[in-house]
Each structure stands twice: as structure tokens, then as C-alpha cells.
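Protein chains in written order, with our numbering: chain D, 121 to 232; chain E, 3 to 119. Data first, discussion second: the structure below is written as C-alpha cells.
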């Protein structure tokens, strides 16, 4: 039973346009959500997070939106840059615990 | 400061051999995690260490897998009698370990790519 799903394995976007990466979860106990970015041969690096008490968190070009009723979160990257090309993982957890549940990742390719 | 480091970066072994993978967490981080990423899959939780508490081994796929954390710092993941299905990238992460959730972001090492022939 996959509790965190990233249904798009890949996404291609033109440089300068918006990239939207999606993530769905099933466990209503999850109240904290993170996005990680992974380049080849490197470990995932933390990108941005959001608590369930918010519906939006913004950090520069990156914005995460949370729709609790739909159990859905999305990561928006605007404007997209070629250096953003990587695999993006969403992760969910419950505050006070340590176990992250990761999605399978979406490979983003930003075309110059 | 230094991030999480892992060694070796790549390991090729023959089926049936034992392997040891090492993780050096960020200094001061009391929590340490091992994950596995198989081809086309997400990150699969294996084991969690927090300070001197008993580790959470609930994610270990079989009794061929074990892990130790000595002195609350360096950790070794051991896979005995390796099988081809053990081939994956093994990732280590550490965190401050201050209670989980929003205050305890996990920081990952570069991983060890294990190939079992």
C-alpha cells in the first residue's frame, strides 16, 4: 500500500515556464510534507516543506501548495531553469515521529 | 560544515558475499536513518537510530540485513549473503533528532550504489 504517490514519473518544461510537480497521500495522520531534489550520483537535498496548518509555503522560485481535503500537494517552480533538472521526491510524515514516507519521484527536465 | 558522508560510493560484489556500508552523520546529529532506493522505486526506510535508544529495525527486509551505530556517531549497514535483489542505492541520512516532524529535517549522504552480480 503506497501511502505517498507521485503519479508522473517524468515531466519536461521549457526554460522560463512553470513546472508543477504533484504528490498525493492517503494517510490522514500526515501533517508535515517535504520536497527533496536529487541529482544523479548525489543524495536527496531538502528543498522546501509545509505544515498542515498552512496551505502554501514559498521560498524564492519554489512554492508548495497543500490541499488537505484532497490529500494533495504540489510543488511549483517559477521560472524553471535548466539547473532545476533533477528527480523530485515528496515525503510525508507525522509531527513527533521520525519516519518519512517517500513517493517514487518525478524526473524533471527543463529544456533550454 | 561537513555533510553526511558515505563509503564506498560504489560497491560491486558477488552473490553470497557479505558487504559493509558506512555512514558518517553530520556532527551533532543524534538521529541516523538508512534507506534503500531500488531502480524505479522511492526511498524505502530500513532502520532508524536515535541516541542511545533501541533502533527501529522495522524496515529491514530480511535477517541478512543488520546495522550498528557505534558511539552515537558512525553507522555500518551490513548485508550478509548478498542476493541480486539487494542491488540498490543505499542512502544514509541524519537529523538533529529533536522530536521529529517540522523541527527535524533529514539530510542525506550521497549514497552507496551496491551491485550484486
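Glycine included, every Cβ here is placed at the ideal spot set by N, Cα and C. Everything numeric in this text was worked out from a predicted model, so none of it was measured.
Within 8 Å of the CB of residue 107 (chain E), the CB atoms of chain D belong to 154, 166, 169, in sequence order along the chain.
Check the Cα spacing between residue 135 (chain D) and each of D:199, D:143, D:169, D:149: the tightest is with D:199.
In this structure, DSSP gives residue 65 (chain E) a state outside helix and strand, which the three-state scheme calls coil.
The shortest CA-to-CA distance from residue 97 (chain E) to any of E:10, E:23, E:27 is the one to E:27. Within the same chain, 139, 200, 230 come within 6 Å of residue 133 (chain D) by CB-CB distance, once the 5 residues on both sides are set aside. Annotated as distal: residue 189 (chain D) and residue 143 (chain D), with beta-carbon spacing of 8 Å or more. The Cβ atoms of residue 5 (chain E) and residue 32 (chain E) do not sit closer than 8 Å to each other.
Contacts between residue 4 (chain E) and chain D, judged by CB atoms closer than 7 Å, are missing: the closest CB pair is about 13 Å apart. Residue range 192-197 is occupied by the beta strand (DSSP E) that includes residue 195 (chain D). Nearest CB-CB separation between residue 92 (chain E) and chain D: not below the 8 Å threshold. If you draw a 10 Å sphere on the C-beta of residue 202 (chain D), you find fewer than 16 other C-beta atoms in it, and that means exposed. Separation of the CB atoms of residue 8 (chain E) and residue 25 (chain E) is rounded to 5 Å, and the pair is thereby assigned contact status at 8 Å.
Secondary structure in the region 130-161 of chain D: the beta strand (DSSP E) runs of 3 residues or longer, each lying completely within the stretch, are 130-134, 139-145, 152-158 in chain order. The contact set of residue 226 (chain D) on chain E, defined by CB atoms closer than 9 Å, is empty, because the minimum CB distance reaches about 11 Å.
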